[in-house]
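Visitor: For the numbering used here, add 11 to where a residue sits in the sequence shown, where the first one is 1.
Glycine included, every Cβ here is placed at the ideal spot set by N, Cα and C.
I have a structure here, written as structure tokens, and I will follow up with some questions on it.
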Amino acid sequence: MAKARIGLIGLGVMGANLALNIAERGFPVAVHNRTTSAIADFIGAAGDLAASLVAAETPAALAAALTPPRAIIIMVKAGGPVDATIDALKPHLDLGDILIDAGNADFNDTRRREAQLKDAGFRFIGMGVSGGEEGARHGPSIMVGGAPEAYAEIADIVEAIAAKYQDAPCAAHLGPDGAGHFVKTVHNGIEYADMQMIAEVYGLLRNADGRSPAQIAALFDEWNGGPLQSYLAEITAKVLAATDPDTGRPMVDVILDRAGQKGTGRWTVIEALKLGQSASTIEAAVGARSWSAAKDLRETGAERLTGPKTSDPGPVLLDADLERALLSARVIAYAQGFSLLAAASEDFAWDLDLARTAEIWRAGCIIRSALLDDIATAFRGELPGDSLILAPAFARLLNDNAGALRRLVARASLSGQPIPAMASALSYYDTMRHARGTAALIQAQRDFFGAHGFERVDTDGEGHHGPWGL
Ligand code: NAP
Numbered sequence: 012m013a014k015a016r017i018g019l020i021g022l023g024v025m026g027a028n029l030a031l032n033i034a035e036r037g038f039p040v041a042v043h044n045r046t047t048s049a050i051a052d053f054i055g056a057a058g059d060l061a062a063s064l065v066a067a068e069t070p071a072a073l074a075a076a077l078t079p080p081r082a083i084i085i086m087v088k089a090g091g092p093v094d095a096t097i098d099a100l101k102p103h104l105d106l107g108d109i110l111i112d113a114g115n116a117d118f119n120d121t122r123r124r125e126a127q128l129k130d131a132g133f134r135f136i137g138m139g140v141s142g143g144e145e146g147a148r149h150g151p152s153i154m155v156g157g158a159p160e161a162y163a164e165i166a167d168i169v170e171a172i173a174a175k176y177q178d179a180p181c182a183a184h185l186g187p188d189g190a191g192h193f194v195k196t197v198h199n200g201i202e203y204a205d206m207q208m209i210a211e212v213y214g215l216l217r218n219a220d221g222r223s224p225a226q227i228a229a230l231f232d233e234w235n236g237g238p239l240q241s242y243l244a245e246i247t248a249k250v251l252a253a254t255d256p257d258t259g260r261p262m263v264d265v266i267l268d269r270a271g272q273k274g275t276g277r278w279t280v281i282e283a284l285k286l287g288q289s290a291s292t293i294e295a296a297v298g299a300r301s302w303s304a305a306k307d308l309r310e311t312g313a314e315r316l317t318g319p320k321t322s323d324p325g326p327v328l329l330d331a332d333l334e335r336a337l338l339s340a341r342v343i344a345y346a347q348g349f350s351l352l353a354a355a356s357e358d359f360a361w362d363l364d365l366a367r368t369a370e371i372w373r374a375g376c377i378i379r380s381a382l383l384d385d386i387a388t389a390f391r392g393e394l395p396g397d398s399l400i401l402a403p404a405f406a407r408l409l410n411d412n413a414g415a416l417r418r419l420v421a422r423a424s425l426s427g428q429p430i431p432a433m434a435s436a437l438s439y440y441d442t443m444r445h446a447r448g449t450a451a452l453i454q455a456q457r458d459f460f461g462a463h464g465f466e467r468v469d470t471d472g473e474g475h476h477g478p479w480g481l
């Protein structure tokens with residue numbers, strides 16, 4: 012068989028589906044996996060596409076199956092396995108070959124790997140891929156970081172396998188070194204926030220309003236036809252409508268209420284704090300998953316701590332209010348995510364194109380939603396202060412709908428329902444509505460106990476002190 016155009020290592024869920032996607036688009040792929048039995052199993056199950064797949068039992072065989080400059084996608088577990096895979100490949104590579112990490116890497120690792128491989132004469136691309144198993148197979152959203160000339164050599168493949176939004180590929184080279192993986196990390200952070208806010212609305216409807224999963228499914232299905240249209244609203248409707256075949260109960264009721272996390276949400280929060288930012292809706296969502304893991308504490312708390320009971324009806328919730336509240340909170344979560352991208356872009360001199368980022372999230376990825384086209388349009392226009400909440404269309408949307416978010420937060424609080432992400436969205440909105448906040452008091456306290464000094468409103472310069480000793 013002729014040499015393959017591209018190689019792929021890691022035939023797990025994502026790698027196997029990505030390899031089939033590439034083969035289906037007409038690019039022969041050489042495939043390798045650490046556990047070699049998976050290679051024959053994979054090709055054996057590939058049907059007609061097997062003709063475009065080349066089995067490589069070793070890293071040496073993989074290198075031999077490709078013509079230099081080689082391009083090899085690594086789709087293995089993030090962290091040490093990526094370094095181990097690179098180390099195993101390196102002796103078989105030629106200078107100028109391109110390694111592409113398509114897993115969910117910590118962008119700090121991507122920056123380190125890119126620098127080390129560059130010193131050794133190789134090229135490295137950090138490529139964020141979103142869309143899960145289905146996306147990998149039929150069209151994910153792809154966020155690329157690395158040298159533009161390296162990307163140019165694989166751009167035809169990446170654009171061919173990516174999801175399409177009105178025929179335009181949802182793939183883009185966004186910046187150097189770790190830019191692609193950083194954008195993917197923040198994408199996942201927004202995903203955490205959106206999922207959490209949806210779960211909070213579900214909790215209100217279920218516990219305060221007493222509605223059944225099937226009724227709530229119908230509501231999400233209806234909302235998915237309006238401004239809340241999104242993949243997450245769509246699957247929420249499907250999940251809530253599902254019944255457990257073993258017990259006949261709603262599927263959601265037989266699932267243990269402890270949510271896992273693999274790291275990207277936490278990384279978003281850590282990187283935000285390092286950049287002096289706070290993506291509070293994402294922080295709340297990551298925190299809520301940690302709280303969900305404290306099952307024993309919650310079980311004891313349910314017995315010992317008082318507050319409105321979940322059986323109390325609480326104030327009536329209007330469906331239209333819930334829809335508008337969720338829309339406002341979603342806009343705020345996106346705005347915080349994009350502000351974080353802007354801050355990182357500035358700090359790392361990436362020159363990220365935020366409009367393009369929004370465009371490649373319009374299809375293929377988990378947070379795809381009707382809002383993203385409007386977000387791209389907003390970033391293409393004039394944005395005072397770089398924040399999405401100040402773009403005329405979104406300021407209008409928030410002015411029209413944030414009242415519903417306020418009513419929801421009040422009602423949730425009075426009926427004893429936790430809504431950490433929605434409440435943090437409202438606090439962010441209210442903070443940004445106040446030209447003068449309360450930090451003057453913080454500054455006075457800091458100066459009182461630590462002589463930190465402060466700026467005055469009526470004089471230039473820092474280092475002023477208060478009359479605390481008087
Ligand atoms: P997976 O199904 O668990 O597969 C993991 C792959 O990594 C397998 O091929 C495994 O090889 C390989 N691997 C593990 N440890 C290794 C090591 N020390 N050396 C070499 N290879 C090793 O994982 P996945 O879901 O496809 O995820 C792959 C990457 O994509 C991860 O970074 C993940 O975060 C990211 N991702 C996943 C999704 C998703 O929805 N699943 C979405 C976007 C991104 P063996 O067969 O030998 O164990």
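Give every residue of the same chain whose Cβ lies closer than 6 angstroms to the Cβ of Glu370, excluding the five residues on either side of it in the sequence, and list them in chain order.
Guide: Taking the sequence shown and counting its residues from 1, one reaches residue 370 at position 359. Ala387, listed in sequence order.
Visitor: Helix, strand or coil: which one does DSSP assign to Asp108?
Guide: The residue given as residue 108 occupies position 97 in the sequence shown. Note: Asp108 maps to coil in three-state DSSP.
Visitor: Report the three-state DSSP secondary structure of Ala95 (helix, strand or coil).
Guide: In the sequence shown, the residue the question calls residue 95 occupies position 84. In the structure shown, Ala95 sits in a helix (DSSP, three-state: H, G or I).
Visitor: Is it buried or exposed for Ile410, if we count other Cβ within 10 angstroms and need 16 for buried?
Guide: Within the sequence shown, the letter at position 399 stands for residue 410. As written in the sequence, residue 410 is Asn, which differs from the Ile given in the question. Burial call: exposed.
Visitor: Starting from the Cα of Thr121, find the closest Cα among Ala71, Met138 and Phe405 and give me that residue.
Guide: Counting from 1 along the sequence shown, the entry for residue 121 is found at position 110. Nearest C-alpha to Thr121: Met138.
Visitor: By Cβ distance, which residues of its chain are closer than 7 angstroms to Asp268, with the 5 residues on each side in sequence left out?
Guide: Counted from its first residue, the sequence shown places residue 268 at position 257. For Asp268, where only same-chain residues beyond five positions count, the Cβ hits under 7 angstroms are Ser303.
Visitor: When you compare the CB positions of Ile201 and Ala344, do they come within less than 8 angstroms of one another, or not?
Guide: Position 190 of the sequence shown, counted from the first residue, corresponds to residue 201. Position 333 of the sequence shown, counted from the first residue, corresponds to residue 344. For Ile201 and Ala344, yes; Cβs fall inside 8 angstroms.
Visitor: What's the gap between the Cα of Gly107 and the Cα of Pro70?
Guide: Reading the sequence shown from its first residue, position 96 is the one you call residue 107. Reading the sequence shown from its first residue, position 59 is the one you call residue 70. Taking C-alpha positions only, Gly107 is separated from Pro70 by approximately 17 angstroms.
Visitor: Ser350 and Gln288: beta carbons closer than 8 angstroms?
Guide: Residue numbering aside, residue 350 sits at position 339 when the sequence shown is read from its first letter. Residue numbering aside, residue 288 sits at position 277 when the sequence shown is read from its first letter. Against a cut-off of 8 angstroms, the Cβ pair of Gln288 and Ser350 comes out as a contact.
Visitor: Any chance the CB of Asn119 is under 7 angstroms from a heavy atom of the ligand NAP?
Guide: Position 108 of the sequence shown, counted from the start, is the residue given in the question as residue 119. It does not: the Cβ of Asn119 is nowhere closer than 7 angstroms to a heavy atom of the ligand NAP.
Visitor: Closer than 6 angstroms by C-beta to Ser63: which residues in its own chain qualify, once you throw out the five before and the five after it? Chain order, please.
Guide: Residue 63 sits at position 52 when you count from the first residue of the sequence shown. Ala34 and Pro39.
Visitor: Roughly how many whole angstroms lie between the Cα atoms of Gly186 and Gly156?
Guide: Locating residue 186 in the sequence shown gives position 175, counting from the first residue. Locating residue 156 in the sequence shown gives position 145, counting from the first residue. Spanning the two alpha carbons is a distance of roughly 5 angstroms.
Visitor: Do we get a CB-CB distance below 8 angstroms when we pair Ala354 with the residues of chain D?
Guide: No chain D is present in this structure, which holds just one protein chain.
Visitor: Once DSSP output is grouped into helix, strand and coil, what is the label at Pro256?
Guide: Sequence index remark: in the sequence shown, residue 256 carries index 245 (1-based). DSSP places Pro256 in coil when its eight states are reduced to three.
Visitor: Using DSSP with H/G/I as helix, E/B as strand and the rest coil, what is Ser152?
Guide: Looking up residue 152 in the sequence shown gives position 141. In this structure, Ser152 counts as strand in the three-state DSSP scheme.
Visitor: In chain order, which beta strand (DSSP E) runs of at least 3 residues are fully inside the segment 341-426?
Guide: Fully enclosed beta strand (DSSP E) runs of 3 or longer: not present.
Visitor: Give a single yes or no on whether Met25 has its beta carbon closer than 7 angstroms to a heavy atom of the ligand NAP.
Guide: In the sequence shown, the residue the question calls residue 25 occupies position 14. Yes, since a heavy atom of the ligand NAP falls inside the 7 angstroms radius drawn around the Cβ of Met25.
Visitor: Tell whether a beta-carbon distance below 8 angstroms holds between Leu382 and Arg417.
Guide: As a working mapping, residue 382 is identified with position 371 in the sequence shown. As a working mapping, residue 417 is identified with position 406 in the sequence shown. Going by C-beta atoms, Leu382 is not nearer than 8 angstroms to Arg417.
Visitor: Beta-carbon separation of Ala27 and His43 under 8 angstroms?
Guide: The sequence position of residue 27 within the sequence shown is 16, counting from 1. The sequence position of residue 43 within the sequence shown is 32, counting from 1. The Cβ atoms of Ala27 and His43 do not sit closer than 8 angstroms to each other.
Visitor: Name the DSSP bridge partner or partners of Ile281?
Guide: Numbered from 1 along the sequence shown, position 270 holds the residue referred to as residue 281. DSSP, once it has assigned bridges, lists no residue as partnering Ile281.
Visitor: Exposed or buried, Pro266, counting other C-beta atoms within 10 Å across all chains shown (16 or more means buried)?
Guide: Residue 266 sits at position 255 when you count from the first residue of the sequence shown. Per the sequence presented here, residue 266 reads as Ile, with Pro not at that position. By the neighbour-count rule (16 or more Cβ atoms within 10 Å), Ile266 is not buried but exposed.
Visitor: Using 10 angstroms around the beta-carbon of Asp117, count the other beta-carbons present and answer buried if the total reaches 16, otherwise exposed.
Guide: Position 106 of the sequence shown, counting from 1, holds the residue named residue 117. So Asp117 counts as buried.
Visitor: Look up Val468 in the DSSP assignment and say whether it is helix, strand or coil.
Guide: To locate residue 468, count along the sequence shown from 1; it is residue 457. Val468 falls in the coil class under three-state DSSP.
Visitor: By the DSSP assignment, the alpha helix (DSSP H) with Arg134 in it spans what residues?
Guide: The sequence position of residue 134 within the sequence shown is 123, counting from 1. No alpha helix (DSSP H) contains Arg134, which is instead part of the beta strand (DSSP E) from Arg134 to Ser141.
Visitor: Does the beta-carbon of Met86, which I'm using as the reference point, lie nearer than 7 angstroms to any heavy atom of the ligand NAP?
Guide: Here residue 86 refers to the residue found at position 75 of the sequence shown. Relative to the ligand NAP, the nearest heavy atom lies less than 7 angstroms away from the CB of Met86.
Visitor: Please determine, among Met443, Asp441, Thr470 and Gly474, the residue with the shortest C-alpha to C-alpha distance to Ala455.
Guide: Position 444 of the sequence shown, counting from 1, holds the residue named residue 455. For the residues Met443, Asp441, Thr470 and Gly474, the minimum Cα distance to Ala455 belongs to Gly474.
Visitor: Can at least three beta-carbon pairs, one atom from the segment 312-332 and one from the segment 214-234, be found at a separation below 8 angstroms?
Guide: Counting Cβ pairs under 8 angstroms, three or more are found: they touch.
Visitor: Contact check, Gly191 vs Ile377 under 8 angstroms by CB: the rounded distance?
Guide: In the sequence shown, the residue the question calls residue 191 occupies position 180. In the sequence shown, the residue the question calls residue 377 occupies position 366. Actually they are not in contact, since the Cβ atoms of Gly191 and Ile377 sit about 16 angstroms apart, beyond 8 angstroms.
Visitor: Hey, Ala366 and Phe390: beta-carbon distance below 8 angstroms or not?
Guide: To locate residue 366, count along the sequence shown from 1; it is residue 355. To locate residue 390, count along the sequence shown from 1; it is residue 379. Yes; because the gap between Cβ atoms is below 8 angstroms, this pair is in contact.
Visitor: For Leu31 and Ala253, I'd like the C-alpha separation in whole angstroms.
Guide: One-based indexing of the sequence shown puts residue 31 at position 20. One-based indexing of the sequence shown puts residue 253 at position 242. Rounded to whole angstroms, Leu31 to Ala253 spans 30 angstroms at the Cα level.
Visitor: Put Gly157 into one of helix, strand or coil per three-state DSSP.
Guide: Residue mapping note: residue 157 aligns to position 146 of the sequence shown, counting from 1. DSSP places Gly157 in strand when its eight states are reduced to three.
Visitor: What residue from Lys14, Arg36, Gly37 and Ile50 has the CA that sits closest to Gly21's CA?
Guide: One-based indexing of the sequence shown puts residue 21 at position 10. Per the Cα distances, Ile50.
Visitor: Please confirm whether any heavy atom of the ligand NAP lies closer than 7 angstroms to the CB of Thr254.
Guide: One-based indexing of the sequence shown puts residue 254 at position 243. Incorrect: Thr254 has no Cβ contact closer than 7 angstroms to the ligand NAP.
Visitor: Taking 8 angstroms as the cut-off, decide whether the C-beta atoms of Gly276 and Asn199 are in contact.
Guide: The count along the sequence shown starts at 1 and reaches residue 276 at position 265. The count along the sequence shown starts at 1 and reaches residue 199 at position 188. Their beta carbons are under 8 angstroms apart, which means Gly276 touches Asn199 by this criterion.
Visitor: Who are the Cβ neighbours of Arg148 in its own chain at under 7 angstroms, not counting the five residues just before and after it?
Guide: Here residue 148 is taken as the residue at index 137 of the sequence shown, counted from 1. So the qualifying residues of the chain are Asn28, Leu31 and Asn32.
Visitor: If we count the other Cβ atoms within 10 Å of its Cβ and call it buried at 16 or more, is Ala56 buried or exposed?
Guide: Residue mapping note: residue 56 aligns to position 45 of the sequence shown, counting from 1. Under this definition Ala56 is an exposed residue.
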